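Engineer:
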Amino acid sequence: MTDDYLARIGQLIRDARQHRGWTQLQLADALSTSQSAVNRIERGNQNISLEMIARIGEALDSEIVSLGYSGPMHLRVIGGRRLSGSIDVKTSKNACVALLCASLLNSGRTVLRRVARIEEVFRILEVLNSIGVRTRWINDGADLEIQPPAQLDLDGIDADAARRTRSIIMFLGPLLHRETHFKIPYAGGCDLGTRTIEPHMTALRRFGLEITATEGMYHATVNRQIGPERPIVLTERGDTATENAVLAAARHDGVTVIRNASSNYMVQDLCFFLEELGVRVEGVGTTTLTVHGVPHIDRDVDYSPSEDPVEAMSLIAAAVITESELTIRRVPVEFLEVELAVLEGMGLNHDLSAEYPADNGRTRLADLTVRPSKLEAPIDKIHPMPFPGLNIDNVPFFAAIAASAHGSTLIHDWVYDNRAIYLTDLNRLGGRLQLLDPHRVLVEGTTRWRAAEMMCPPALRPAVVVLLAMMAAEGTSVLRNVYVINRGYEDLAERLNSVGAQIETFRDI
Numbered sequence: 002m003t004d005d006y007l008a009r010i011g012q013l014i015r016d017a018r019q020h021r022g023w024t025q026l027q028l029a030d031a032l033s034t035s036q037s038a039v040n041r042i043e044r045g046n047q048n049i050s051l052e053m054i055a056r057i058g059e060a061l062d063s064e065i066v067s068l069g070y071s072g073p074m075h076l077r078v079i080g081g082r083r084l085s086g087s088i089d090v091k092t093s094k095n096a097c098v099a100l101l102c103a104s105l106l107n108s109g110r111t112v113l114r115r116v117a118r119i120e121e122v123f124r125i126l127e128v129l130n131s132i133g134v135r136t137r138w139i140n141d142g143a144d145l146e147i148q149p150p151a152q153l154d155l156d157g158i159d160a161d162a163a164r165r166t167r168s169i170i171m172f173l174g175p176l177l178h179r180e181t182h183f184k185i186p187y188a189g190g191c192d193l194g195t196r197t198i199e200p201h202m203t204a205l206r207r208f209g210l211e212i213t214a215t216e217g218m219y220h221a222t223v224n225r226q227i228g229p230e231r232p233i234v235l236t237e238r239g240d241t242a243t244e245n246a247v248l249a250a251a252r253h254d255g256v257t258v259i260r261n262a263s264s265n266y267m268v269q270d271l272c273f274f275l276e277e278l279g280v281r282v283e284g285v286g287t288t289t290l291t292v293h294g295v296p297h298i299d300r301d302v303d304y305s306p307s308e309d310p311v312e313a314m315s316l317i318a319a320a321v322i323t324e325s326e327l328t329i330r331r332v333p334v335e336f337l338e339v340e341l342a343v344l345e346g347m348g349l350n351h352d353l354s355a356e357y358p359a360d361n362g363r364t365r366l367a368d369l370t371v372r373p374s375k376l377e378a379p380i381d382k383i384h385p386m387p388f389p390g391l392n393i394d395n396v397p398f399f400a401a402i403a404a405s406a407h408g409s410t411l412i413h414d415w416v417y418d419n420r421a422i423y424l425t426d427l428n429r430l431g432g433r434l435q436l437l438d439p440h441r442v443l444v445e446g447t448t449r450w451r452a453a454e455m456m457c458p459p460a461l462r463p464a465v466v467v468l469l470a471m472m473a474a475e476g477t478s479v480l481r482n483v484y485v486i487n488r489g490y491e492d493l494a495e496r497l498n499s500v501g502a503q504i505e506t507f508r509d510i
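Listed below in structure tokens is the structure:
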């Protein structure tokens with residue numbers, strides 16, 4: 002291996018380590034080596050085997066290199082181009098992964114329409130296949146067919162795939178009805194700070210589930226004599242915690258009341274799907290859900306998840322930042338009403354079509370045309386709230402939008418420990434963002450974006466925000482190791498190219 006390649010690999014490793022927030026000593030401890038060895042590797046002064054590169058990638062949850070193809074994927078962006086035309090919003094990532102987990106409740110055949118072909122879905126499918134669930138893409142790869150076996154092979158679970166997605170935590174609700182003893186790997190996903198499973202356990206203990214965490218695994222035991230005798234009150238209004246509670250309640254033989262429940266889009270899609278399975282759910286769209294469980298479910302069902310409001314917000318931000326006129330079709334407006342109200346207050350020039358139903362027959366869609374606008378900073382700070390407030394996952398897009406507006410904007414991302422820090426990566430592209438504390442960023446606009454080469458942040462939404470800023474910057478930018486974007490977006494670069502962007506995918510190792 003040449004010195005040039007060693008230096009380039011070392012730079013990738015250093016960038017991945019820094020984005021994870023680790024010191025050289027922390028990486029050395031994870032690899033059972035010395036800090037001086039890590040220092041030599043990062044400076045390109047030490048030969049390094051493919052096995053060591055793979056170990057480093059696993060420790061940092063980053064595709065430094067992947068065996069079987071030429072290396073991690075990067076994006077080369079020719080910026081400063083205006084977008085035009087129209088683009089459709091894809092189905093919801095978060096709804097799709099919840100429905101994949103929910104398919105374990107059903108002994109029958111489940112067909113999900115227009116499933117997002119993204120890395121997060123692929124990881125869940127790998128886990129499902131490893132425990133005996135048969136899945137196949139049908140109708141030219143547009144739809145997904147799922148058929149669980151009579152008996153799951155949980156000892157064969159693909160631990161590597163499971164650890165690369167936080168969605169694995171939603172196996173707990175369905176599995177507690179199928180097994181009295183089982184284990185699943187720790188949840189992974191985006192690096193967004195410490196997140197415990199205690200909000201999930203607040204609900205699941207009421208169904209007799211107890212968990213011991215050892216050696217990278219959750220060891221679960223289920224006491225079938227225990228069931229919720231009074232309403233379950235969630236300690237936080239989290240989306241996945243609510244979904245896990247609903248999944249557990251779906252096959253509980255009785256009526257379960259869940260209070261302080263999330264009413265967000267993925268929870269609603271899950272409830273609509275369960276109704277197709279014969280589970281009656283009252284209060285969908287509110288913070289109190291009443292689930293009439295069915296102890297055995299054996300139905301052939303066909304369901305279409307709705308469109309993704311966060312992807313819609315990504316496309317809105319793309320149009321705003323690049324000062325483009327763009328029509329975004331199939332926007333789930335009921336989950337973007339606060340965002341659109343804030344943007345309207347900032348001066349966004351846009352039109353909204355009449356509403357029409359999504360393929361699930363329940364979610365309200367509309368087509369949105371965004372035009373170049375002179376934006377002013379909002380009077381109030383940007384901060385998320387549970388639905389129907391401004392969506393937590395949409396907050397990062399307002400960092401780039403605020404940077405394109407005249408004036409100062411305070412963004413308070415109070416939910417996650419690390420995500421606000423990643424927003425300051427926009428400074429490398431010409432932004433002026435000041436980190437006030439781990440949760441608050443002060444954004445100064447307007448911004449003259451400039452091209453740069455940088456490592457992709459390890460959190461999905463900040464990574465896309467960086468990509469959008471690169472699209473607005475004159476010149477050529479490079480965004481390295483974009484696996485995290487592929488976790489949540491299907492063919493994003495190609496779809497943006499279809500409306501005028503110029504983004505090239507490449508690999509260099």
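Going by the numbering used here, the sequence shown runs without a break in its numbering and finishes at 510. Just so you know, even glycine gets a beta-carbon here, dropped at the ideal spot from N, CA and C. Bear in mind that the values here come from a model prediction, so they are computed numbers and not experimental data.
Flag this pair as touching only if the segment 157-176 and the segment 137-145 have three or more C-beta atom pairs under 8 Å; answer yes or no.
Structural biologist: Segments in contact, no.
Engineer: Would you give the residue range spanned by the alpha helix (DSSP H) that residue 186 belongs to?
Structural biologist: Locating residue 186 in the sequence shown gives position 185, where the first residue counts as 1. Run containing residue 186: none in the alpha helix (DSSP H); it sits in the beta strand (DSSP E), 182-186.
Engineer: Distance check for residue 281 and residue 359, CA to CA, integer angstroms please.
Structural biologist: In the sequence shown, the residue the question calls residue 359 occupies position 358. In the sequence shown, the residue the question calls residue 281 occupies position 280. Distance between the alpha carbons of residue 359 and residue 281: 21 Å.
Engineer: With a 10 Å radius around its C-beta and 16 neighbouring C-beta atoms as the bar for buried, classify residue 357 as buried or exposed.
Structural biologist: Taking the sequence shown and counting its residues from 1, one reaches residue 357 at position 356. With fewer than 16 other Cβ atoms within 10 Å, it is exposed.
Engineer: Any chance you could list the beta strand (DSSP E) runs of at least 3 consecutive residues sitting entirely within the segment 402-475, in chain order?
Structural biologist: For the segment 402-475, whole beta strand (DSSP E) runs of length 3 or above, ordered along the chain, are 408-413, 433-438, 441-446, 454-456.
Engineer: Residues in the same chain with beta-carbon distance under 8 Å from residue 409, minus the five sequence neighbours each way, listed in chain order, please.
Structural biologist: Here residue 409 refers to the residue found at position 408 when the sequence shown is read from its first residue. These residues qualify, in order along the chain: 378, 443, 444, 445, 446.
Engineer: How long is the line joining the alpha carbons of residue 440 and residue 423, rounded to whole angstroms?
Structural biologist: Taking the first residue of the sequence shown as 1, we reach residue 440 at position 439. Taking the first residue of the sequence shown as 1, we reach residue 423 at position 422. Roughly 11 Å between the two C-alpha positions.
Engineer: Please list, in chain order, all residues of the same chain as residue 40 whose beta carbon is under 7 Å from its beta carbon, the five residues on each side excluded.
Structural biologist: What you label residue 40 is simply residue 39 of the sequence shown in a count that begins at 1. The answer, listed in chain order, is 25.
Engineer: Measuring CA to CA, which of 307, 221, 173, 309 is closest to residue 250?
Structural biologist: Mapped onto the sequence shown, residue 250 falls at position 249. Nearest C-alpha to residue 250: 173.
Engineer: Taking the C-alpha atoms as reference points, what is the distance between residue 208 and residue 119?
Structural biologist: In the sequence shown, the residue the question calls residue 208 occupies position 207. In the sequence shown, the residue the question calls residue 119 occupies position 118. Distance between the alpha carbons of residue 208 and residue 119: 32 Å.
Engineer: Considering only C-alpha positions, which residue in the set 506, 320, 135 is nearest to residue 581?
Structural biologist: The requested residue 581 does not occur in the structure, where the chain is confined to residues 2 to 510.
Engineer: For residue 229, which option in 263, 200, 276, 292 has the closest C-alpha, if you only look at C-alpha atoms?
Structural biologist: Along the sequence shown, one-based indexing puts residue 229 at 228. Comparing Cα-Cα distances from residue 229 to each of 263, 200, 276, 292, the minimum goes to 292.
Engineer: Keeping to the same chain, check which residues put their C-beta closer than 6 Å to that of residue 1; ignore five residues upstream and five downstream.
Structural biologist: Limits of the chain in this structure are 2 at one end and 510 at the other, which puts residue 1 out of reach.
Engineer: Does DSSP classify residue 343 as helix, strand or coil?
Structural biologist: Mapped onto the sequence shown, residue 343 falls at position 342. The answer is helix: DSSP assigns residue 343 an H, G or I state.
Engineer: Pick from 413, 121, 199, 138: whose alpha carbon is nearest that of residue 162?
Structural biologist: Within the sequence shown, residue 162 is the residue found at index 161, counting from 1. The candidate whose alpha carbon is nearest that of residue 162 is 121.
Engineer: For residue 458, which residues from the same chain have a beta carbon less than 8 Å from its beta carbon, with the 5 sequence-adjacent residues on both sides left out?
Structural biologist: Position 457 of the sequence shown, counting from 1, holds the residue named residue 458. For residue 458, where only same-chain residues beyond five positions count, the Cβ hits under 8 Å are 20, 423, 426, 464, 467, 485.
Engineer: Three or more C-beta pairs under 8 Å: does that hold for the segment 102-112 against the segment 253-267?
Structural biologist: No, because fewer than three Cβ pairs between the segment 102-112 and the segment 253-267 fall closer than 8 Å, the two stretches do not touch.
Engineer: Mind the definition here: the segment 91-108 touches the segment 470-486 only if three or more C-beta pairs lie below 8 Å; say whether that holds.
Structural biologist: No: fewer than three Cβ pairs fall under 8 Å.
Engineer: Determine the burial state of residue 151: buried for a count of at least 16 other Cβ atoms within 10 Å of its Cβ, exposed for fewer.
Structural biologist: The count along the sequence shown starts at 1 and reaches residue 151 at position 150. Per the 10 Å Cβ criterion, exposed.
Engineer: Where does residue 352 sit, in a helix, a strand or coil, going by DSSP?
Structural biologist: Walking along the sequence shown from the start, residue 352 turns up at place 351. Three-state result, residue 352: strand.
Engineer: Is it right to say residue 380 is buried, meaning 16 or more other beta carbons lie within 10 angstroms of its own, or is it exposed?
Structural biologist: For the purposes of this step, residue 380 is identified with residue 379 of the sequence shown, where counting begins at 1. Counting Cβ neighbours within 10 Å, residue 380 comes out exposed, since fewer than 16 surround it.
Engineer: Can you tell which of 406, 178, 204, 267 has the C-alpha that lies nearest to the C-alpha of residue 297?
Structural biologist: By 1-based counting over the sequence shown, the position of residue 297 is 296. The shortest C-alpha separation from residue 297 is found at 178.
Engineer: Nearest to residue 312 by alpha carbon, out of 493, 138, 79?
Structural biologist: Within the sequence shown, residue 312 is the residue found at index 311, counting from 1. The shortest C-alpha separation from residue 312 is found at 493.
Engineer: Under the assumption that residue 115 contacts residue 305 (Cβ atoms under 8 Å), give the Cβ distance between them as a whole number of angstroms.
Structural biologist: Translated into positions along the sequence shown, residue 115 becomes position 114. Translated into positions along the sequence shown, residue 305 becomes position 304. Their Cβ separation, rounded to whole angstroms, is 6 Å, which keeps residue 115 and residue 305 in contact under 8 Å.
Engineer: Determine, using beta carbons only, whether residue 318 and residue 327 come nearer to each other than 7 Å.
Structural biologist: Residue mapping note: residue 318 aligns to position 317 of the sequence shown, counting from 1. Residue mapping note: residue 327 aligns to position 326 of the sequence shown, counting from 1. Taking 7 Å as the Cβ cut-off, residue 318 and residue 327 do not qualify as a contacting pair.
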